[in-house]
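Chemist: So the sequences go chain by chain: A and B.
142 is the number that the working numbering gives the last residue of the first sequence; the numbers go up by one with no jumps.
96 is the number that the working numbering gives the last residue of the second sequence; the numbers go up by one with no jumps.
Here it is: the structure, laid out below.
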Amino acid sequence: MKPSFGSPVLDATIRILTPFLLLFAAYVAIHGHTSPGGGFQAGAILGAGLILIRLVRGHDAGWGLSRRAALNLACSGALVYAFVGLLSLAFGHAAFDYSALPLPVVGGTRRALGSLAVELAVLVTVTGVMVLIFESLTHAEE
Amino acid sequence: MKRLVWLALVPALVVLGRAATELPPLGDPEATAAVYLSPHYIERGPDETGARNMVTGILADYRSFDTLGETVVVVAAGLACLMLAARRTGGDPDAG
Numbered sequence: 001m002k003p004s005f006g007s008p009v010l011d012a013t014i015r016i017l018t019p020f021l022l023l024f025a026a027y028v029a030i031h032g033h034t035s036p037g038g039g040f041q042a043g044a045i046l047g048a049g050l051i052l053i054r055l056v057r058g059h060d061a062g063w064g065l066s067r068r069a070a071l072n073l074a075c076s077g078a079l080v081y082a083f084v085g086l087l088s089l090a091f092g093h094a095a096f097d098y099s100a101l102p103l104p105v106v107g108g109t110r111r112a113l114g115s116l117a118v119e120l121a122v123l124v125t126v127t128g129v130m131v132l133i134f135e136s137l138t139h140a141e142e
Numbered sequence: 001m002k003r004l005v006w007l008a009l010v011p012a013l014v015v016l017g018r019a020a021t022e023l024p025p026l027g028d029p030e031a032t033a034a035v036y037l038s039p040h041y042i043e044r045g046p047d048e049t050g051a052r053n054m055v056t057g058i059l060a061d062y063r064s065f066d067t068l069g070e071t072v073v074v075v076a077a078g079l080a081c082l083m084l085a086a087r088r089t090g091g092d093p094d095a096g
C-alpha cells in the first residue's frame, strides 16, 4: 500500500471519530430489535471504521484486520449463522426455529436472543467482507 | 461450452418471463400472501419473535433461512473480489 495520507488534522479526526464509529456499530447491531438497523448495517459501519483507520494510517495503524483475518471472519460468520440456525434441529424442532434453543428464558425472548445471535453473525460477516475487499484492492497495489 | 450456456439461459429466461406475468400486482390486497401471511406477521409478529421492530422480526426470525442465503452471497462477493485482485497481480491469495 502506498504511504498513508497522514497529517495531524486527519490523525486527530480519526482518533476522535473511531470510538464513536465502533460504539455506533454496536448500538445499531444490538438496538436493531426495536429500531431500524441490524447486522448488515452495523457491519457496514464497523467495516467503514476499520477501513478509515487503514486509509489514514496505512500499515502504521497498529491494529485492524489483515486480509487473512478478514477472510476468516467473513467465512466464520456465515458458518456461525448456519450453525445457530441448524442447532434447533438437534432439539427436535424445525430448522431456524429459535424457540428450541436451550436458553433460560421463554417464548418470544428466546427467539429474540436467537435472532440477535444470527444478527451478530451477519455483523461479523459483513465487517470481514468489507475489510477483505479493501485489503484485496490495496494489496494489489503493493 | 458457450452454446450450452445459451441453451440453458434462453429457456430459463422464457420460463421466468412467463412466470413474471402471473405475479400479483404490487400492493394488491387480494394477493395470497396479503390475505393471511401479512396480517399474521403484523398482529402476532412482535409477540412471537420478541422483536418490536417488525422488519428485524421477519428478517432474522420468520425469514431466517433467506437471510442466511444473503449472508452467503455477501461472502461470495468478498471471495470473488479477493480472487480477482489476486489474479490481477498474479499474487497468491493465500499470502498475507
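All C-beta atoms in this analysis are idealised placements derived from N, C-alpha and C, irrespective of residue type, glycine included.
(1) Under 7 angstroms, Cβ to Cβ, is there at least one residue of chain A near Ala80 of chain B?
(2) Strictly under 7 angstroms for the Cβ-Cβ distance: is Arg152 of chain A near chain B by that measure?
(3) Going by DSSP in three states, Met1 of chain A sits in which element: helix, strand or coil?
(4) So Tyr81 of chain A contacts chain B; which residues on that side make the cut at Cβ distance below 9 angstroms?
(5) Who are the near neighbours of Lys2 of chain B in its chain, counting only those whose CB is closer than 6 angstroms to its CB and skipping five residues on each side?
(6) Any beta carbon from chain B within less than 7 angstroms of Phe96 of chain A's own beta carbon?
(7) Would you report the Cα separation of Thr56 of chain B and Leu7 of chain B, rounded to the nearest angstrom?
(8) Taking the C-alpha atoms as reference points, what is the distance between Val126 of chain A and Tyr27 of chain A?
(9) Could you pull out every unbroken alpha helix (DSSP H) segment of at least 4 residues lying fully inside the segment 60 to 93 of chain B, listed in chain order?
(10) Select from A:Leu55, A:Thr18 and A:Val124 the residue whose C-alpha is nearest the C-alpha of Ser76 of chain A.
(11) Can you name the start and end residues of the alpha helix (DSSP H) that Arg44 of chain B belongs to?
(12) Does Gly27 of chain B come within less than 7 angstroms of chain A when only Cβ atoms are used?
(13) Using a beta-carbon distance below 7 angstroms, is Gly50 of chain B in contact with chain A?
(14) Does the beta carbon of Ala85 of chain B sit closer than 7 angstroms to a beta carbon anywhere in chain A?
(15) Closest by CA to Gly128 of chain A, which one among A:Leu10, A:Phe24 and A:Arg68?
(16) When the Cα of Val75 of chain B is compared with those of A:Pro19, A:Leu10, A:Leu17 and A:Val122, which residue comes out closest?
(17) For Val80 of chain A, which option in B:Val72, B:Leu82 and B:Ala80 has the closest C-alpha, if you only look at C-alpha atoms?
(18) Short of 8 angstroms in beta carbon distance, which residues of its chain neighbour Val9 of chain A, apart from the five on each side in sequence? Order them along the chain.
(19) Please name the residues in the segment 30 to 55 of chain A whose beta-carbon is closer than 7 angstroms to at least one beta-carbon of chain B, in chain order.
(20) Quick one: which unbroken alpha helix (DSSP H) runs of 4-plus residues sit fully inside the segment 30 to 84 of chain A? Chain order, please.
(21) Contact check, Ile45 of chain A vs Phe24 of chain A under 8 angstroms by CB: the rounded distance?
(22) Span of the alpha helix (DSSP H) holding Ala8 of chain B?
Modeler: This is what the structure gives:
(1) Contact of Ala80 of chain B with chain A is not assigned, every C-beta pair being separated by 7 angstroms or more.
(2) Summary: the structure shown does not reach residue 152 of chain A, with chain A confined to residues 1 through 142, and so no result is reported for it.
(3) Note on Met1 of chain A: pLDDT 48, under 50, position unreliable in the model; no value is reported.
(4) Chain B residues near Tyr81 of chain A: Ser64, Thr67, Leu68, Thr71 and Val72.
(5) Exclusion of the five residues before and after Lys2 of chain B leaves no residue of its chain whose Cβ lies closer than 6 angstroms to its Cβ.
(6) True, the Cβ-Cβ gap to chain B drops below 7 angstroms.
(7) Taking the straight line joining both Cα atoms gives about 40 angstroms.
(8) CA-to-CA, the gap between Val126 of chain A and Tyr27 of chain A works out to about 16 angstroms.
(9) Complete alpha helix (DSSP H) runs here, min 4: 64 to 89.
(10) Of the listed residues, the one whose Cα sits closest to Ser76 of chain A is A:Val124.
(11) Start and end: Thr32 to Thr49.
(12) So no, Gly27 of chain B is outside the interface.
(13) By the rule that beta-carbons nearer than 7 angstroms mark a contact, Gly50 of chain B touches chain A.
(14) Yes, Ala85 of chain B counts as interfacial toward chain A.
(15) A check of alpha carbon separations from Gly128 of chain A across A:Leu10, A:Phe24 and A:Arg68 identifies A:Arg68 as the nearest.
(16) If you compare the alpha carbons of A:Pro19, A:Leu10, A:Leu17 and A:Val122 with that of Val75 of chain B, the shortest gap goes to A:Val122.
(17) Checking every option, the nearest Cα to that of Val80 of chain A belongs to B:Val72.
(18) Excluding the 5 residues flanking it on each side, Val9 of chain A has no same chain C-beta neighbour closer than 8 angstroms.
(19) Answer set for the segment 30 to 55 of chain A: Gly32, His33, Thr34, Ser35, Pro36 and Gly38.
(20) As far as the segment 30 to 84 of chain A is concerned, its whole alpha helix (DSSP H) runs of at least 4 residues are 39 to 57.
(21) Their Cβ separation, rounded to whole angstroms, is 6 angstroms, which keeps Ile45 of chain A and Phe24 of chain A in contact under 8 angstroms.
(22) For Ala8 of chain B, the enclosing alpha helix (DSSP H) starts and ends at Lys2 to Thr21.
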